[in-house]
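Numbering (full-length UniProt numbering), first residue to last: 1 to 650.
Positions of the beta carbon are idealized from the N, C-alpha and C atoms, including for glycine.
Here the structure is a predicted model, which means the values were calculated and not measured.
In structure tokens, the structure reads:
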């Protein structure tokens, strides 16, 4: 953990402060979160700890702050302030108990989450990465964290003036913490009566999907209770602290105005009791008559639960029936309120890319019949149905939409573990085809498909393995999916396919591994799973027609410390120098980029380049290579020149 390296820098150094705060947030996270803000705390702590690689590179760099301007010092200060605020917020939010503390206290913490996420995103956005020679991979990871923070800021409320957020986020939490412990919503200094009431419900945001799953009863019970609280409670009282903002520019008042003008209240009956999101595919549970979003209630049932999440009645009949009437009402409400509709399928029509509509009433009915056959006890009927869905999903985007609307994805995911080889092959290929449509990726991930896909990757037929690898590549196009897939055990299985598969399987595995390794946290996993020796084997195999693929993956890994050590142990540098001499233009370009990453601030590797005669092919590359190859070769030669000058002076 980055925090463990804090002693590498002087105690009063800005980097030491950042590392210490990161370590403290990590320790708070390890202790665990609970209560109303458990998910908020978990998400914030996770985003902060993802900055470990950034701070590690800052700790390793030689330039640091010795010659930095006051503007750079200010950037470090802003980031330290944001991390300190995040740490204090995690402690305060974790102590809050809604049963003891007032609605005012809850709302102040909610607003503080908005302030802290905004402040942290801005601090990261203003950081001078180029000045400190931060690697492209780490910068990409920081961009992922910034994107998550921006979405989180939006989630916590409507638009609020940035100067108010800045002023709020710079304040200490002492008064808020006092308020939490007092549990008194009528403290005189708050002037609550001057603010009025606002509609500050925890309303779902249209189109946003929570990353949490519904795998356990405690989770479902908690969110169902929260849903009922939202549906039955009157408007909560809002508060802005005049000691921070002044009575006339309360951010919560601004929030109230923007909420009332821009964000109509979603009717309770349009919200799934499980996800608290506007439903896109509402279905009725036959046993109780309750309506839920299909993917969430299907997960609930697949998790072995036998009661209705909302009523707790026994589910003697697990049939799910599309609630077309409610879906049409949701569509009408979205259109009336100028809200993006949660689906491209509406009232028996599919919206084409040119804005026109195609009627598909008969087709959706046929799809639903086909989906029901997937659950048939007859193996032959199931085989025929999954083969037909595979074929249909390959033909068009419209088919992919209709198949998903008919509820096929959760059923197909269950078939991934079928003992029947033909069913498994067709099921994984159908999931691959469906994942091409972006909206379906979300449904596939919510259906908890990754463990089953990994199982196919490990033990399926060669065709099934190939398509499982291609499915992982397709799903990993989403940044957050990279994290989930990397933690699922997919990487070792993909490396095995990279070594043992046929040409198509190896290419699919290489594409998936490249995508996953873009995320910094997956690089160490890949190295520990043995990816470096596997890539070297491919590069040195004279019968292999795959050179660019392993080089591309190596170029992504080369900035990782574990990868550098593994590359040194496997004698990869001589192979890369040989490619500089004999490879094709693309191979030379990638080899130069990898060598540059390996040799930056590494005198031993630079000496190795000189001993192995890399200067001549690098010089040739500066004259005849691609533009990128010329830049990399020129930079590498400059590093070699400086290293030789330094050695001469010594």
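**Message:** Closest to residue 364 by C-alpha separation, out of 330, 408 and 334, would be which residue?
**Reply:** 408
**Message:** Using the Cβ count rule (16 or more neighbours within 10 Å means buried), how would you classify residue 282?
**Reply:** buried
**Contact set for residue 139: own chain, Cβ-Cβ below 8 angstroms, skip 5 residues either direction** = 129
**Request:** Specify the secondary structure class of residue 651 as computed by DSSP and reduced to three states.
**Result:** Residue 651 lies beyond the stretch modelled for the chain, which goes from 1 to 650, so this question has no answer here.
**Straight-line Cα distance separating residue 482 from residue 599** = 28 angstroms
**Asked** By DSSP, does residue 414 sit in helix, in strand, or in coil?
**Response** DSSP, read as helix, strand or coil, puts residue 414 in helix.
**Prompt:** With 16 other CB atoms within 10 Å as the buried threshold, where does residue 525 fall?
**Reply:** Burial call: buried.
**Message:** If the criterion is Cβ atoms closer than 7 angstroms, does the pair residue 308 and residue 315 meet it?
**Reply:** yes
**Asked** Which of the three DSSP states, helix, strand or coil, is assigned to residue 520?
**Response** helix
**Message:** By DSSP's criteria, residue 271 is part of a beta bridge. Which residues make up the other side?
**Reply:** Paired residue(s): 278.
**Message:** Taking the alpha carbon of residue 124 as the reference point, which residue from 265, 500, 50 and 450 has its own alpha carbon closest?
**Reply:** Distance from the Cα of residue 124 is smallest, within the candidate group 265, 500, 50 and 450, for 50.
**Asked** Which residue or residues does DSSP assign as beta-bridge partners of residue 500?
**Response** The partner list for residue 500 (beta bridge, DSSP) is empty, contrary to what the question assumes.
**Message:** Between residue 79 and residue 18, how many whole angstroms is the CB-CB distance? I'm expecting something under 8 angstroms.
**Reply:** 6 angstroms
**Request:** Apply the 10 Å Cβ neighbour rule to residue 336 and answer buried if 16 or more other Cβ atoms are within range, or exposed otherwise.
**Result:** exposed
**Request:** Whole angstroms is fine: what's the gap from residue 220's alpha carbon to residue 38's?
**Result:** With a pLDDT of 40 at residue 220, under the threshold of 50, the modelled position of that residue is not reliable, and the figure given next carries that caveat. Looking at the two C-alpha atoms, the distance is approximately 14 angstroms.
**Message:** Which residue wins for smallest C-alpha separation from residue 156, given the options 115, 429, 142 and 443?
**Reply:** 115
**Request:** Between the Cα of residue 521 and those of 544, 536 and 556, spot the shortest distance and give me the residue it belongs to.
**Result:** 556
**Item:** Bounding residues of the beta strand (DSSP E) (the contiguous stretch that carries residue 322)
**Value:** In the DSSP assignment, residue 322 falls within the beta strand (DSSP E) that extends over 320-322.
**Item:** Own chain residues within Cβ distance below 6 angstroms of residue 539, not counting five before or after
**Value:** 550 and 575
**Item:** Range covered by the beta strand (DSSP E) that runs through residue 292
**Value:** In the DSSP annotation of this structure, the continuous segment of the beta strand (DSSP E) that includes residue 292 starts and ends at 291-293.
**Asked** Is the beta carbon of residue 618 sitting closer than 7 angstroms to the one on residue 633?
**Response** It is a contact, given that the beta carbons lie within the stated cut-off.
**Prompt:** Does the distance from the C-beta atom of residue 432 to that of residue 470 stay below 7 angstroms?
**Reply:** Yes; because the gap between Cβ atoms is below 7 angstroms, this pair is in contact.
**8 angstroms CB neighbourhood of residue 75 in its chain, flanking five on each side removed** = 123, 126, 127 and 128
**Prompt:** If you check the beta carbons only, do residue 387 and residue 373 fall under 7 angstroms apart?
**Reply:** Their beta carbons are not under 7 angstroms apart, which means residue 387 does not touch residue 373 by this criterion.
**Asked** Among residues of its own chain, excluding the 5 on either side of residue 492, which ones have a beta-carbon nearer than 7 angstroms to its beta-carbon?
**Response** 529
**Request:** Please go through the same chain and pick out, in chain order, the residues whose beta-carbon is closer than 6 angstroms to the beta-carbon of residue 622, but skip the five residues on each side of it.
**Result:** Excluding residues within five positions, the ones whose Cβ falls inside 6 angstroms are 630, 633 and 634.
**Request:** Would you decide whether residue 30 is buried or exposed? Buried here means 16 or more other CB atoms lie within 10 Å of its CB.
**Result:** exposed
**Request:** Grab me the residues of residue 306's own chain with a C-beta within less than 8 angstroms of its C-beta, minus the 5 sequence neighbours each way, in chain order.
**Result:** 314 and 315
**Asked** How would you call residue 208, buried or exposed, if buried means at least 16 neighbouring beta carbons within 10 angstroms?
**Response** Low confidence applies here, because residue 208 scores a pLDDT of 34, under 50, leaving its location unreliable; read the following figure in that light. Under this definition residue 208 is an exposed residue.
**Message:** Along the chain, where does the alpha helix (DSSP H) containing residue 125 start, and where does it finish?
**Reply:** 103-125
**Request:** Within its chain, find whatever has a CB closer than 6 angstroms to the CB of residue 643; leave out the 5 residues flanking it on each side and keep chain order.
**Result:** 603 and 606
**Request:** May I ask which residues mark the beginning and end of the alpha helix (DSSP H) holding residue 596?
**Result:** 585-599
**Prompt:** Taking the DSSP output, what are the residues bridged to residue 284?
**Reply:** 291 and 321
**Prompt:** What separation, rounded to the nearest whole angstrom, lies between the Cα atoms of residue 657 and residue 103?
**Reply:** The requested residue 657 is not part of the displayed model; the chain covers only 1 to 650.
**Message:** According to DSSP, is residue 88 part of a helix, a strand, or is it coil?
**Reply:** Helix, per DSSP.
**Prompt:** What's the gap between the Cα of residue 517 and the Cα of residue 303?
**Reply:** 31 angstroms
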